[in-house]
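Have a look at the structure below, then the notes.
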Amino acid sequence: KVELHLHLYGSIRFETLLDLSKAKEIPMGNATTVPELKKLLVTDTPKNLAAVLQAFEIFLPVVTNDLDAMERIAYELCDDQAKQGVIYFEGRYSPHRLINDKSS
């Protein structure tokens, strides 16, 4: 099994987002549980690309400028893929989204 176009940001574990959110005291909208976070971020029928990208603004702050968080989500992606029997995948991400202008 292979994945040739897998987005890192769309593969972050909900549990990880909540864990980082709590540790940093950065709210995930009004979601405090995995089911609430799934309801907030997941849709089967997106209105348009802008609506999909709007969800990123909810969860990206918990990983932006945090090398440990970035390493964690990358490691967990590899772990999740291995558990699903994926032998090769090409992960996609935008490094500039993970580092903002305020970083040193």
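Counted from 1, the sequence shown has number 21 at position 21 by full-length UniProt numbering; the numbering is strictly sequential. By construction, the Cβ of each residue, glycine as well, lies at the ideal position given by its N, Cα and C atoms. Computed from a predicted structure; not experimentally measured.
A direct Cα-to-Cα measurement between residue 39 and residue 65 gives close to 26 Å. Judged by DSSP in its simplified three-state form, residue 9 adopts helix. When C-alpha distances from residue 29 are compared across 46, 60, 45, 12, the shortest belongs to 60. Going by C-alpha positions, residue 82 is about 10 Å away from residue 89.
Inside the UniProt domain "Adenosine deaminase" (1 to 100), DSSP marks whole alpha helix (DSSP H) runs of 4 or more residues at positions 14 to 24, 34 to 41, 49 to 59, 67 to 83, 95 to 98, from first to last along the chain.
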